[in-house]
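Chemist:
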Amino acid sequence: MLDDIKKTLWATADKLRANMDAAEYKHLVLGLIFVKYISDTF
Numbered sequence: 001m002l003d004d005i006k007k008t009l010w011a012t013a014d015k016l017r018a019n020m021d022a023a024e025y026k027h028l029v030l031g032l033i034f035v036k037y038i039s040d041t042f
């Protein structure tokens, strides 16, 4: 179950990266890192 979710997320990320420049998706990645930090802290 968890492996399926992981594979799906990676496949989706690969599709997004193929069409976007690093400068465009850095905001998405930084947002996800922030959400991870907040969820770990609280």
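Going by our numbering, the sequence shown wraps up at 42, each residue one higher than the last. All C-beta atoms, glycine included, are put in the ideal place defined by N, C-alpha and C.
1) I need the DSSP call for residue 21, collapsed to helix, strand or coil.
2) Whose C-beta lies closer than 8 Å to the C-beta of residue 38 among residues of the same chain, with five residues either side of it excluded?
3) So what's residue 42 in DSSP terms, helix, strand or just coil?
Modeler: This is what the structure holds:
1) coil
2) none
3) coil
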